[in-house]
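Enquirer:
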Amino acid sequence: MSVAAACALSQQEQLQLQPPVKAMRRGSRQSPEGGEEEEEPPPEPPAWDREMTFCTERRRREPQPQARREPAAAAGTAGEEEEERLEREHFRRIINAFRYYGTNMHEKVNRTERHFRSLPVNQQKLLPQFLVHLEKIRKCIDHNQGILQTIVNDCTHMFENKEYGDDENGKISPASTFDMDKLKSTLKQFVRDWSETGKSERDSCYQPIINEIVKNFPKERRDLSKVNVLVPGAGLGRLAWEIAMLGYTCQGNEWSLFMLFSSNFVLNRCCETNSYKLYPWIHQFSNNKRSADQIQPVYFPDVDPHSLPPGANFSMTAGDFQEIYCESNIWDCIATCFFIDTAHNVIDYIDTIWKILKPGGIWINLGPLLYHFENLANELSIELSYEDIKNVILQYGFHIEMENESILTTYTVNELSMMKYYYECVMFVVRKPESSI
Ligand SMILES: C[S@@+](CC[C@H](N)C(=O)[O-])C[C@H]1O[C@@H](n2cnc3c(N)ncnc32)[C@H](O)[C@@H]1O
Numbered sequence: 007m008s009v010a011a012a013c014a015l016s017q018q019e020q021l022q023l024q025p026p027v028k029a030m031r032r033g034s035r036q037s038p039e040g041g042e043e044e045e046e047p048p049p050e051p052p053a054w055d056r057e058m059t060f061c062t063e064r065r066r067r068e069p070q071p072q073a074r075r076e077p078a079a080a081a082g083t084a085g086e087e088e089e090e091r092l093e094r095e096h097f098r099r100i101i102n103a104f105r106y107y108g109t110n111m112h113e114k115v116n117r118t119e120r121h122f123r124s125l126p127v128n129q130q131k132l133l134p135q136f137l138v139h140l141e142k143i144r145k146c147i148d149h150n151q152g153i154l155q156t157i158v159n160d161c162t163h164m165f166e167n168k169e170y171g172d173d174e175n176g177k178i179s180p181a182s183t184f185d186m187d188k189l190k191s192t193l194k195q196f197v198r199d200w201s202e203t204g205k206s207e208r209d210s211c212y213q214p215i216i217n218e219i220v221k222n223f224p225k226e227r228r229d230l231s232k233v234n235v236l237v238p239g240a241g242l243g244r245l246a247w248e249i250a251m252l253g254y255t256c257q258g259n260e261w262s263l264f265m266l267f268s269s270n271f272v273l274n275r276c277c278e279t280n281s282y283k284l285y286p287w288i289h290q291f292s293n294n295k296r297s298a299d300q301i302q303p304v305y306f307p308d309v310d311p312h313s314l315p316p317g318a319n320f321s322m323t324a325g326d327f328q329e330i331y332c333e334s335n336i337w338d339c340i341a342t343c344f345f346i347d348t349a350h351n352v353i354d355y356i357d358t359i360w361k362i363l364k365p366g367g368i369w370i371n372l373g374p375l376l377y378h379f380e381n382l383a384n385e386l387s388i389e390l391s392y393e394d395i396k397n398v399i400l401q402y403g404f405h406i407e408m409e410n411e412s413i414l415t416t417y418t419v420n421e422l423s424m425m426k427y428y429y430e431c432v433m434f435v436v437r438k439p440e441s442s443i
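Going by the working numbering, the first residue of the sequence shown is number 7, and it counts up by one from there.
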């Protein structure tokens, strides 16, 4: 399938479909409307440039296990230049991972073939379809690689406020297993966020959050466009997009470039429902009931991401949630889904949420406590029980308005697999009292 041809909207059509946006420059603090705090907003972009906004405030990069610790940046311009260099290096590393996927996966399939061929011939003859199946996987790898290539072709200019420039060298080098795993997880995130297959997962994870937003900010009593909702750790953006679909002003925030490149592709380049497909399960060689299960395609997007209503206010910011949201008393609602366990120290997340919520604002959380840094050497990781987290939340002064300790969900589950993980998630809605300053 020609990836470019699948999104053949005319510029005029794109104009009608895109929500109005405001640009934001690097270095400014974001407001929920995507505007700037201290500087005059730049002029509106020409109509045909209007897209769902991606702005970057990235400073801190995702850690790499076994990676050399980067020296603390020196103060002043030299420090900033060094930061800039490291950021560009990181950007290229992630692009390289996208490009290396095919090589990495073909190596795996070649190894599987070698192992099969090492079996006695009489055993090989028992499985006449084995090599045929590997050939099919190879085709699926090439297809996935085509999509990944298209995603990164577009990403050097994706941020409104920063240009990364094209990589003239273009040489592909081996990527780390850590990055390859992240890329494979990102492919599965397409299923969760933007496919029909992911609907039941979204119904169990996103819908309870959306229901609470609607209950707390009913359209009969509020001008929804004036209710500012922030979704930190937005993944591929579906939850934030659904909230904006309802008329709320919503900003997704994400720091992983794997996710950001991919959400830029879905949100700004995919317009026809189910016009793309991926093979997200080909990396799984174990726990397949049938060989065909491994090469099941998943189609996306299940909805047209451009179908936001006119006047909808939706944007994405790139960067570490704790670093870029510093302004106090801004958000009416913060919605975290499978997010708080990404913290080195979850108390820092609670602290930021407390600070940036308006008095009277609410924090809705749903997710497990699978601490992301637990097993990473050289990374601080404070693993609190829910009981401890709840005590901290109460000591900050939040009022608990809703709590359910037993919401059964999955995360990027492969329904066909013989092995599935279930989470018994905690969900809560807590309010920062009106009286708090
Ligand atoms: C487990 S995923 C959940 C994604 C999405 N909320 C969902 O439910 O599908 C956690 C996400 O948070 C992002 N993340 C982790 N730490 C972050 C931080 N400090 N700031 C912003 N995003 C972060 C990760 O990159 C990842 O995409």
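Positions of the beta carbon are idealized from the N, C-alpha and C atoms, including for glycine.
Would you report the Cα separation of Gln18 and Trp247, rounded to the nearest angstrom?
Expert: Caution is warranted here: a pLDDT of 24 is assigned to Gln18, below 50, making its placement in the model unreliable, and no coordinate value can be reported.
Enquirer: Would you say Trp4 touches ligand 1, meaning its beta carbon is less than 6 angstroms from a heavy atom?
Expert: This structure leaves residue 4 out entirely; the chain is present only between 7 and 443.
Enquirer: Measuring only from the beta carbon, is Cys343 closer than 6 angstroms to any heavy atom that is part of ligand 1?
Expert: yes
Enquirer: How about Trp337 and Leu236: are their beta carbons less than 7 angstroms apart?
Expert: Taking the C-beta atoms as reference points, Leu236 is found nearer than 7 angstroms to Trp337.
Enquirer: Taking Asn150 as the reference, which of Gly241, Lys177, Tyr107 and Val272 has the closest Cα?
Expert: Tyr107
Enquirer: Bridge partners of Ser321, per DSSP?
Expert: The partner list for Ser321 (beta bridge, DSSP) reads Thr59 and Gln257.
Enquirer: Report yes or no: do the segment 363 to 373 and the segment 331 to 346 share at least 3 C-beta pairs separated by less than 8 angstroms?
Expert: Judged by Cβ distances under 8 angstroms, the segment 363 to 373 makes contact with the segment 331 to 346, as three or more pairs qualify.
Enquirer: In the DSSP output, which residue or residues are listed as bridge partners for Ile406?
Expert: Val436
Enquirer: What number of angstroms, rounded off, separates the C-alpha of Gln130 from the C-alpha of Lys145?
Expert: Approximately 22 angstroms between the Cα atoms of the pair.
Enquirer: When every heavy atom of ligand 1 is checked, does at least one fall within less than 6 angstroms of the C-beta of Trp200?
Expert: no
Enquirer: Using C-beta distances below 7 angstroms, list every residue in its chain close to His82, excluding the 5 sequence neighbours before and after it, in chain order.
Expert: The displayed chain sequence assigns Gly, not His, to residue 82. No residues qualify anywhere along the chain.
Enquirer: For the pair the segment 187 to 205 and the segment 299 to 308, tell me if three or more CB-CB distances fall below 8 angstroms.
Expert: yes
Enquirer: Do you know offhand how far Ile301's Cα is from Val398's?
Expert: 46 angstroms
Enquirer: Is the segment 287 to 303 touching the segment 412 to 425, taking contact as three or more C-beta pairs under 8 angstroms?
Expert: yes
Enquirer: Quick check on this structure: which residue in Gln401, Ile370 and Glu169 has the alpha carbon closest to the alpha carbon of Met408?
Expert: Ile370
Enquirer: Look up Tyr305 in the DSSP assignment and say whether it is helix, strand or coil.
Expert: strand
Enquirer: How would you label Phe327, buried or exposed, when you count the other beta carbons within 10 angstroms and need 16 or more for buried?
Expert: buried
Enquirer: Closer than 8 angstroms by C-beta to Ile178: which residues in its own chain qualify, once you throw out the five before and the five after it? Chain order, please.
Expert: Sequence-distant partners of Ile178 (beyond 5 residues in either direction) whose C-beta falls short of 8 angstroms from its own C-beta, in its chain, are Asn102, Arg105, Tyr106 and Thr109.
Enquirer: Compute the Euclidean distance between the alpha carbons of Asp394 and Thr418, then round it to the nearest angstrom.
Expert: If I take the Cα positions, the gap works out to 28 angstroms.
Enquirer: Which of the three DSSP states, helix, strand or coil, is assigned to Asp86?
Expert: Sequence check: residue 86 is Glu here, not Asp. In the structure shown, Glu86 sits in a helix (DSSP, three-state: H, G or I).
Enquirer: How many whole angstroms separate the CB atoms of Leu372 and Ile215, which I take to be in contact at a CB cut-off of 8 angstroms?
Expert: 6 angstroms
Enquirer: Pairing CB atoms from the segment 270 to 287 with CB atoms from the segment 116 to 128, are three or more of them under 8 angstroms?
Expert: no
Enquirer: Would you say the beta carbon of Glu393 is closer than 6 angstroms to some non-hydrogen atom of ligand 1?
Expert: no
Enquirer: Using only the heavy atoms of ligand 1, determine whether one of them is closer than 6 angstroms to the beta carbon of Met322.
Expert: no
Enquirer: Am I right that Gln260 and Met322 are in contact with their C-beta atoms under 8 angstroms? What's the rounded C-beta distance?
Expert: The question names Gln, but residue 260 is Glu in the sequence shown. Confirmed, about 7 angstroms.
Enquirer: Buried or exposed for Phe434, going by 16 or more other Cβ atoms inside 10 Å?
Expert: Buried, by the Cβ-count rule.
Enquirer: Where do the N-terminal and C-terminal ends of the beta strand (DSSP E) with Asn234 fall, by residue?
Expert: Per DSSP, Asn234 is one residue of the beta strand (DSSP E) stretching across Asn234 to Pro238.
Enquirer: Among all the DSSP beta bridges, which residues are the ones paired with Ile340?
Expert: Leu236 and Trp369
Enquirer: From the DSSP output, in three-state form, read off Phe379 for me.
Expert: coil
Enquirer: Give the secondary structure of Asn351 by DSSP, where H, G and I count as helix, E and B as strand, and everything else as coil.
Expert: strand
Enquirer: Along the chain, which unbroken stretches of the alpha helix (DSSP H) at least 4 residues long are found entirely within the segment 151 to 234?
Expert: 183 to 200, 205 to 211 and 213 to 222
Enquirer: Bridge partners for Ser423 per DSSP, in chain order?
Expert: According to DSSP, which records beta bridges pairwise, Ser423 is partnered with Asn294.
Enquirer: Alpha carbon to alpha carbon, how far is Lys225 from Thr342?
Expert: 22 angstroms
Enquirer: Using alpha carbons as the reference points, say which of Lys438, Gly243 and Asn234 lies closest to Tyr254.
Expert: Asn234
Enquirer: How far does the beta strand (DSSP E) with Leu266 in it reach, from first residue to last?
Expert: Careful: Leu266 lies outside any beta strand (DSSP E), inside the alpha helix (DSSP H) at Leu263 to Arg275.
Enquirer: Look at the Cβ atom of Leu273, then the Cβ atom of Gly243, and state whether they are nearer than 7 angstroms.
Expert: yes
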